[in-house]
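Shown next, in structure tokens, is the structure this report addresses.
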Amino acid sequence: MARKKGTKSVLVVGLGRFGSSVAATLNEMEQDVLAVDKDPEIVARWSSQIPVVQADMTDVMAIERIDASQFDTAVVAIGDSIEASVIAAGNLLDAGITDLWAKSVSIQHARILRRIGARHVINAESDAGKRIGHLVSGNYLDYIEIEGMHTVVKVHTPQHLAGKTIAEAEIHDKYGIVVVGVKSPGREFQYGENDTVMRRNDELIIAGRQSQIDKFLAS
Numbered sequence: 105m106a107r108k109k110g111t112k113s114v115l116v117v118g119l120g121r122f123g124s125s126v127a128a129t130l131n132e133m134e135q136d137v138l139a140v141d142k143d144p145e146i147v148a149r150w151s152s153q154i155p156v157v158q159a160d161m162t163d164v165m166a167i168e169r170i171d172a173s174q175f176d177t178a179v180v181a182i183g184d185s186i187e188a189s190v191i192a193a194g195n196l197l198d199a200g201i202t203d204l205w206a207k208s209v210s211i212q213h214a215r216i217l218r219r220i221g222a223r224h225v226i227n228a229e230s231d232a233g234k235r236i237g238h239l240v241s242g243n244y245l246d247y248i249e250i251e252g253m254h255t256v257v258k259v260h261t262p263q264h265l266a267g268k269t270i271a272e273a274e275i276h277d278k279y280g281i282v283v284v285g286v287k288s289p290g291r292e293f294q295y296g297e298n299d300t301v302m303r304r305n306d307e308l309i310i311a312g313r314q315s316q317i318d319k320f321l322a323s
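If you read the sequence shown in our numbering, its first letter stands for residue 105, the second for the next number, and so on.
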């Protein structure tokens with residue numbers, strides 16, 4: 105079936121809170137998404153909102169029936185059974201889906217998923233908890249962990265830098281971070297350039313290691 109340019113075909117397995125949110129978001133973005141759940145009541149609940157079928161992805165025959173190998177990406181969002189999650193992920197990998205995302209519920213679960221070949225492992229609860237913890241601390245307007253110790257955060261311009269350009273503040277040389285962009289109230293977002301002036305009420309998008317960002321904010 106022909107797809108709109110720029111879209112991906114995504115198979116979402118499991119329609120709990122996490123999986124249903126992923127599937128609904130992809131559907132709203134007009135991606136070619138198909139959701140799967142083994143519970144007929146859950147399937148019926150979502151059938152009027154997103155493309156969904158009833159199937160048990162731990163069953164190899166079910167994998168073949170829905171022709172899972174045709175999908176570019178799969179998201180295994182099963183959270184109530186580690187065994188079912190791992191088996192479903194393994195079946196999808198065996199079907200040829202290499203871009204596999206999987207939800208984990210523990211460190212051990214995540215380790216197993218990575219060992220069998222899941223490219224992206226998400227611990228939705230701990231990732232969300234970490235983000236909220238940083239936001240509640242009051243230092244950040246937004247927070248995204250990229251990889252390991254690297255993060256992207258949104259902050260107001262620190263008082264000691266207000267009125268200075270990025271070059272004058274020597275942000276990269278002093279702190280090792282990068283100002284990706286600046287959003288001033290009532291103005292369009294602009295990418296961070298050497299001559300970009302950082303005003304007190306501006307929102308800065310900065311990227312770097314957590315320790316570098318903490319030093320930048322504490323100066």
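Using N, Cα and C, we set each Cβ at its ideal position, and we do this for glycine too. On a predicted model such as this, the values are computed, not experimentally measured, just so you know.
| Item | Value |
| --- | --- |
| Taking just the CA atoms, how far does Asp231 sit from Val259? | 20 Å |
| In terms of DSSP beta bridges, what is Ser113 paired with? | Asp136 |
| Using a Cβ-Cβ cut-off of 7 Å (strictly less than) and excluding sequence neighbours within five positions of Val126, which residues of its own chain qualify? | Val116, Val179 and Ala181 |
| Excluding the 5 residues preceding and the 5 following Phe320 in the sequence, name in chain order all residues of the same chain whose CB lies nearer than 6 Å to its CB. | Tyr279 and Ile281 |
| So what does DSSP say about Arg313, is it helix, strand or coil? | strand |
| Counting only the same chain and skipping the five closest in sequence on each side, list residues whose C-beta sits under 8 Å from that of Arg107. | Since pLDDT at Arg107 reaches only 48, below the 50 mark, its modelled position is unreliable, and the value read off the structure follows with that caveat. Here the set comprises Ser113 and Asp136. |
| Does the structure place the stretch 252 to 271 close enough to the stretch 301 to 314 that three or more beta carbon pairs sit under 8 Å? | yes |
| Tell me which same chain residues have a C-beta within less than 8 Å of the C-beta of Thr177, skipping the five on either side of it? | Lys112, Ser113, Val114, Leu115, Ile201, Asp203, Leu204 and Trp205 |
| Would Val140 pass as a contact of Met161 if the rule is Cβ separation under 8 Å? | yes |
| Pick helix, strand or coil for Gln174, following the three-state DSSP scheme. | helix |
| If we count Cβ pairs, one from each stretch, closer than 8 Å, do we get three or more for the stretch 146 to 156 versus the stretch 212 to 227? | no |
| Out of curiosity, what's the CA-to-CA distance linking Ala192 and Asp277? | 48 Å |
| Gly118 and Gly183 look like a contact to me (Cβ under 8 Å); what is the Cβ gap, rounded to whole Å? | 7 Å |
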